[in-house]
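Novice: There's a structure below that I have some questions on.
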Amino acid sequence: MVQIGQNVSHAKAWLERGNVVGIPTETVYGLAGNALDTNAVLTIFRVKNRPTFDPLIIHTDTPAKLSQFVTDFPPAARQLADAFWPGPLTLLLPKQASIPDLVTAGLPTVAVRIPNHPLTLQLLAELDFPLAAPSANPFGYISPTTARHVADQLGNQIPYILDGGPARIGLESTIVGFEGDMPCVFRLGGLTQAQIEAVVGPVTVQTHSTDNPAAPGMLSSHYAPRKPLILLKPGQSPPLTNPNRTGMLAFREPVGGVPDAQQRILSATGDLDEAAKNLFAYLRWLDTLDLDLIYAETLPNTGLGAAINDRLRRASVQK
Ligand code: AMP
Ligand code: MG
0 MVQIGQNVSH AKAWLERGNV VGIPTETVYG LAGNALDTNA VLTIFRVKNR PTFDPLIIHT
60 DTPAKLSQFV TDFPPAARQL ADAFWPGPLT LLLPKQASIP DLVTAGLPTV AVRIPNHPLT
120 LQLLAELDFP LAAPSANPFG YISPTTARHV ADQLGNQIPY ILDGGPARIG LESTIVGFEG
180 DMPCVFRLGG LTQAQIEAVV GPVTVQTHST DNPAAPGMLS SHYAPRKPLI LLKPGQSPPL
240 TNPNRTGMLA FREPVGGVPD AQQRILSATG DLDEAAKNLF AYLRWLDTLD LDLIYAETLP
300 NTGLGAAIND RLRRASVQK
């Protein structure tokens, strides 16, 4: 059975032996393995049941280490790295041959990030290899924001979870790639488009759904609870044919007609950072109830609201 603790040396020892472990980050919990060891990377794909065409992000603790794994670091990428690392920013950069093709799904670029969590930064500083780490959930399910979420789903397949408390941001990283020196956002996450643009000027955003993540992009169906989730249009009330079998993920206040015990409020004060932090835990909680379906309100598209709405769209049955 999985051990949960705060012992960096334990996590390090498992990783050095080729095992995969759960690690905390400020975005969501990761399922980490030695990125330079093809067997460890294969274990990540197997434990998550993730298709190998969906590439992984590699993590380390300093830009100097990361530059060993990429062949180019364009000026705009450097500016973003200087502004946001450690933090919820993933950069797509041309890869060195040392990064296995399995990590990048055969793509010429590798996704790299320096996460901002003290335990994981300490772990990365002590390792002499980078960590490949996708979110620590079965492929397609809701991402984990606590060690308990990881244990509930992957506990019988991994030896150790480093417990760093609840994820501070609660949404995955924002992914930025480059065409020449022109930045393009491929996934909105813990950094907003406005934050990126404040550093590098106007960027294109290509986060539309695709069934070919290698394009690159994201799978259109993702982050999904097992129960059907229906995303309400802004201002739309849920059609309550059977309120006792209906769950509700509301933004600021409970929705009349649905029993309180079947509702979660993302942020009573309308704080989008708080809503992001609560999103995945509340979706999981609603998914444990004996219900037929879950409605979710669309949030304002400002700040982290855009990334939250993106996750809700991908989690929903009607796109
Ligand atoms: P995660 O599940 O949070 O680790 O997300 C990894 C995502 O990053 C993938 O699903 C891709 O959408 C994206 N990604 C990773 N590596 C690349 C790459 N080399 N090129 C394009 N997208 C990538
Ligand atoms: Mg994921």
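Each step along the sequence shown adds one to the number in numbering that gives the first Met the number 0, with nothing skipped, and position 226 is 225. For each residue, glycine too, the CB sits at the ideal point set by N, CA and C. Note that the coordinates shown come from a computational prediction; the quantities given were computed from them, not determined experimentally.
From the beta carbon of G105, is the nearest beta carbon of chain D less than 8 angstroms away?
Specialist: Any reference to chain D falls outside this structure, which holds one protein chain only.
Novice: Would you tell me roughly how many angstroms separate the C-alpha atoms of A275 and G176, rounded to the nearest one?
Specialist: Between the alpha carbons of A275 and G176 lies a distance of about 23 angstroms.
Novice: Taking three-plus beta-carbon pairs below 8 angstroms as touching, is the segment 116-126 in contact with the segment 231-239?
Specialist: Between the segment 116-126 and the segment 231-239 there are fewer than three inter-stretch CB-CB distances shorter than 8 angstroms, so the stretches are not counted as touching.
Novice: Buried or exposed for A63, please, with buried defined as at least 16 other CB atoms from any protein chain shown within 10 angstroms of its CB.
Specialist: exposed
Novice: Alpha carbons only, please: which of H116, N115, T89 is nearest the one belonging to T108?
Specialist: T89
Novice: Does the Cβ of G29 have 16 or more other Cβ atoms within 10 Å, making it buried, or fewer, making it exposed?
Specialist: buried
Novice: Could you check which residue in P23, N18, T24 has the C-alpha nearest to that of T37?
Specialist: N18
Novice: Kindly give me the distance between the Cβ atoms of I56 and A110, rounded to whole angstroms, as I take these residues to be in contact under 8 angstroms.
Specialist: 4 angstroms
Novice: Can you confirm whether the segment 32-51 touches the segment 181-191 when touching is taken to mean that 3 or more C-beta pairs between the two stretches lie within less than 8 angstroms?
Specialist: no
Novice: Just to confirm, is the Cβ distance from Q262 to L290 under 8 angstroms?
Specialist: Against a cut-off of 8 angstroms, the Cβ pair of L290 and Q262 comes out as no contact.
Novice: Going by Cα to Cα distance, which pick from G4, G234, L248 is closest to A280?
Specialist: L248
Novice: Can you name the start and end residues of the alpha helix (DSSP H) that N308 belongs to?
Specialist: Taken as a continuous stretch (DSSP letters only), the alpha helix (DSSP H) holding N308 covers 304-314.
Novice: Could you tell me whether any non-hydrogen atom of ligand 2 is closer than 7 angstroms to the CB of S134?
Specialist: yes
Novice: Using 7 angstroms as the cut-off, classify the Cβ of E25 as near or not near the heavy atoms of ligand 4, replying yes or no.
Specialist: Ligands present in the displayed structure are limited to ligand 1 and ligand 2, and ligand 4 is not among them.
Novice: Taking 7 angstroms as the line, does the beta carbon of S220 fall inside it for any heavy atom of ligand 2?
Specialist: no
Novice: Buried or exposed: N300, going by 16 or more other Cβ atoms within 10 Å of its Cβ?
Specialist: exposed
Novice: How close, in whole Å, do the beta carbons of I43 and P133 come, if the pair is a contact with beta carbons under 8 angstroms?
Specialist: About 7 angstroms separates the beta carbon of I43 from that of P133, a gap short enough to meet the 8 angstroms contact definition.
Novice: Since I believe V40 is in contact with P99 (beta carbons under 8 angstroms), could you give me their beta-carbon distance rounded to a whole number of angstroms?
Specialist: 6 angstroms
Novice: Buried or exposed for P54, please, with buried defined as at least 16 other CB atoms from any protein chain shown within 10 angstroms of its CB.
Specialist: Buried.
Novice: Specify, as a first and last residue, the run of the beta strand (DSSP E) that R186 falls within.
Specialist: It spans 181-186 - the beta strand (DSSP E) in which R186 sits, taken as one unbroken run.
Novice: Return the CA-CA distance between P215 and R312, expressed in angstroms with no decimal places.
Specialist: Its pLDDT being 39, under 50, P215 is placed unreliably by the model, and nothing is read from it.
Novice: Three or more beta-carbon pairs under 8 angstroms between the segment 138-147 and the segment 161-181, yes or no?
Specialist: With a cut-off of 8 angstroms on Cβ pairs, the segment 138-147 is in contact with the segment 161-181, counting three or more such pairs.
Novice: Nearest to N33 by CA position, among E25, L106, F128, P242, is which residue?
Specialist: F128
Novice: Quick one: is the Cβ of S236 within less than 7 angstroms of any heavy atom of ligand 2?
Specialist: no
Novice: On the criterion of 16 or more Cβ atoms from any shown chain inside 10 Å, does R283 qualify as buried, or is it exposed?
Specialist: buried
Novice: Can you tell me whether W13 is buried or exposed, with buried defined as 16 or more other CB within 10 angstroms of its CB?
Specialist: By the 10 Å Cβ count, W13 comes out buried.
Novice: Fully enclosed by the segment 197-274, which beta strand (DSSP E) runs are 3 residues long or longer?
Specialist: For secondary structure counted as the beta strand (DSSP E) over 3 or more consecutive residues, the segment 197-274 holds these complete runs in sequence order: 228-230, 245-249, 262-264.
Novice: Whole-angstrom Cβ separation of H116 and T24, contact assumed at under 8 angstroms?
Specialist: The pair is a contact, with the Cβ atoms about 5 angstroms apart (cut-off 8 angstroms).
Novice: Label T245 either buried or exposed according to how many other C-beta atoms from any shown protein chain fall within 10 Å of its C-beta, with 16 as the threshold for buried.
Specialist: buried
Novice: Does DSSP classify E171 as helix, strand or coil?
Specialist: Coil.
Novice: Which term fits L288, buried or exposed, when burial requires 16 or more other beta carbons within 10 angstroms of its beta carbon?
Specialist: exposed
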